[in-house]
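Going left to right, the sequence shown walks through residues 0 to 218 as numbering that gives the first Met the number 0 numbers them.
Even glycine gets a Cβ: it sits at the ideal position worked out from N, Cα and C.
As structure tokens, the structure follows; a few thoughts come after it.
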Amino acid sequence: MKKVLKNVSFVILLLKMCIIFGQESSTQKRIVIDVGHGGKDSGAIGINEIQEKDVALNIANAILKLNNESDTPLDIYLTRYTDTLISLTDRAKLAKALKADVFLSLHCNHSDNPNARGIEVYVSKKQSEYSRASTWLAFKLQEALNRKLGFESRGVKLANFQVLRETVAYCTSVLLELGFLSNGDESGYYQKPESIELLALVIWKSLIKNIDSYERVGH
């Protein structure tokens, strides 16, 4: 029954988004922020039992708050707004239904090595007309997070993650691994609200700064 209710809720959300999309200008750039994990899927569990699903949602909500308070907001939607489990396929379907220009997936990392640290940015191994733009935006996000916040850069990498594979065919698609919850410093960073807000600000400003440029790169 819970699975049925979850699926019904997602369909209702999808229909609402499509109605909203139909009422808006087609020239406005649309960003779907994929909030990793959720519900029974906690993702990585780090020091002090901090959970990846909570960190991802906190960051996404902070980005949304900044955007909503802006005089010139971006057109941003989240794949989940609460602690709900949404399938990877449904996340990609939502981005496709909304005709997203950018799909940005938020995650945190984990390692058996407590000294592992830094940010990894992924783009899909699958090639499409959006591959160049995805790679360019990935480097820009990594650069901003390193320069503004001092996060160690572990590189832009290719991966076969489902959410990337199923979105890169129709939009710029990037996945962020925002530090290691298994690292004492980085885990502690995400337990401070002010840190979450600062990280959200850097990501949001980077999207604003590069929202037009990445499209030119792709073509």
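Whole-Å CB distance - residue i paired with residue j, under 8 angstroms assumed
i: Ile207; j: Leu73; result: 7 angstroms
i: Ala43; j: Asn108; result: 7 angstroms
i: Leu77; j: Leu97; result: Wrong, their Cβ atoms sit about 11 angstroms apart, outside the cutoff.
Cα-Cα separation between residue i and residue j, rounded to whole angstroms
i: Ser25; j: Ala59; result: Low local confidence applies: a pLDDT of 44 at Ser25 is under 50, so the model's placement there is unreliable, and no value is given.
i: Thr166; j: Tyr80; result: 20 angstroms
i: Phe150; j: Lys52; result: 20 angstroms
i: Val54; j: Leu148; result: 17 angstroms
i: Gly35; j: Leu87; result: 9 angstroms
i: Trp135; j: Ile202; result: 15 angstroms
i: Lys191; j: Ile118; result: 18 angstroms
i: Ser130; j: Leu157; result: 10 angstroms
i: Ser133; j: Ala94; result: 15 angstroms
i: Ile75; j: Leu175; result: 17 angstroms
Residues near residue i in its chain [Cβ-Cβ closer than 6 angstroms; skip 5 each side]
i: Asp40; result: Leu84
i: Gly45; result: Leu180, Ser181 and Ser186
i: Asn221; result: It is not possible to answer for residue 221, since the shown part of the chain is limited to 0 through 218.
Residues of its chain near residue i, where Cβ-Cβ distance is below 7 angstroms and the 5 sequence neighbours each way are ignored
i: Ala137; result: Val120, Val122, Val155 and Val173
i: Ala99; result: Arg29, Ile30, Val31 and Cys170
i: Asp33; result: Thr78, Arg90, Phe102, Leu103, Ser104, Leu105 and Val162
i: Lys220; result: The structure shown has nothing for residue 220, since the chain only spans 0 to 218.
i: Glu50; result: As written in the sequence, residue 50 is Gln, which differs from the Glu given in the question. Answer for Gln50: Ser41, Gly42 and Ile44, listed in chain order.
i: Asn57; result: Ile195
i: Leu65; result: Ala199, Leu200 and Trp203
Same chain, Cβ closer than 8 angstroms to residue i, five either side skipped, listed in chain order
i: Ala115; result: Asn108, Phe179, Ser181 and Asn182
i: Asp82; result: Gly37, Gly38, Lys52, Asp53 and Leu56
i: Asn67; result: none
Exercise. Quick one: complete beta strand (DSSP E) runs, 3+ long, within the region 134–158?
Worked result: 152–158
Exercise. Which ranges does the beta strand (DSSP E) cover as unbroken runs of at least 3 residues, wholly within the region 160–216, from first to last along the chain?
Worked result: 171–179
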